[in-house]
DNA sequence: CTCCCGATAT
DNA sequence: ATATCAGGAG
């Protein structure tokens with residue numbers, strides 16, 4: 046795969062884009078439940094190493110109680126931990142979410158900022174979370190390089206890298222910019238539905254004919 | 001690189 | 001029992 050030409054990789058990428066659009070025609074949204082930008086930011090921060098289904102169970106009550114940056118910023122960490130415990134990594138997540146809210150108040154008038162630079166400077170926010178917010182809230186295209194995007198794009202031969210940021214840039218080379226957000230969401234859905242981490246359903250996969258890993262994982 | 005960490009599928 | 005789940009920080 047390392048000696049494959051960029052043109053060849055682009056051609057395959059466009060086929061994959063086309064087929065995933067056929068499989069998921071509706072422009073797919075995130076599976077996380079939210080109303081506001083702050084809701085989505087908190088839900089995404091909770092989703093690290095946790096299923097979206099579990100996050101939605103927790104946020105169903107959580108997002109009713111915490112509506113603004115002030116609500117999070119003034120909360121006691123131990124009390125907040127109790128709400129989010131079942132999502133795992135709860136010490137870090139609670140500390141980060143409260144510090145993030147305090148940073149919103151200090152630097153952004155309590156609002157969620159709309160640039161990569163500002164987002165990744167928030168405590169507990171990295172490129173994956175930032176690109177999700179940019180794409181879903183601000184309409185700024187970007188690859189949301191989560192665990193599914195990493196695994197599926199590697200299997201599909203769209204990247205040979207392991208580092209999420211390098212994978213992001215590999216995908217920018219071969220996926221049209223207007224597709225970045227939608228393609229991220231479709232890769233994630235494809236990863237959840239078909240290209241599972243453990244036992245991928247290659248026989249039921251719509252892009253198996255262009256996949257260098259088909260029936261080999 | 002390691003650590004954080006509970007819930008779930010296999 | 002073990003791998004994995006819409007990651008990020010030190």
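Numbering (my numbering), first residue to last: 46 to 262.
Note that beta-carbon positions come from the ideal geometry of N, C-alpha and C, so glycine has one too.
Everything numeric in this text was worked out from a predicted model, so none of it was measured.
query: Euclidean distance between Cα positions of residue 182 and residue 258; result: 34 Å
query: Start and end residues, alpha helix (DSSP H) containing residue 199; result: 192-200
query: Same chain, Cβ closer than 7 Å to residue 219, five either side skipped, listed in chain order; result: 54, 55, 58, 203
query: Helix, strand or coil at residue 87 [DSSP, three-state]; result: helix
query: Selected residue, minimal CA-CA separation from residue 65, among 227, 153, 96; result: 227
query: Residue 243 (DSSP reduced to helix, strand or coil); result: coil
query: Of the listed residues 214, 169, 187, nearest to residue 160 (C-alpha basis); result: 187
query: Sufficient close CB pairs (3 or more, under 8 Å) joining the stretch 124-133 to the stretch 148-159; result: no
query: Outcome for residue 260 when other beta-carbon atoms lying within 10 angstroms are tallied against a minimum of 16; result: exposed
query: Residue 62 CB to nearest heavy atom of the ligand PLP below 7 Å; result: With respect to small molecules bound, the structure shown includes none, and the ligand PLP cannot be examined in it.
query: Residue 240 to residue 207 span [Cα, whole Å]; result: 17 Å
query: Assumed close pair residue 223, residue 62 - CB separation to whole angstroms, cut-off 8 Å; result: Incorrect: roughly 10 Å between the Cβ atoms, too far for contact.
query: Counted within 10 angstroms of its Cβ, other Cβ atoms place residue 166 as buried (16 or more) or exposed; result: exposed
query: Proximity of residue 103 and residue 77 at Cβ, strictly below 8 Å; result: no
query: Straight-line Cα distance separating residue 212 from residue 150; result: 33 Å
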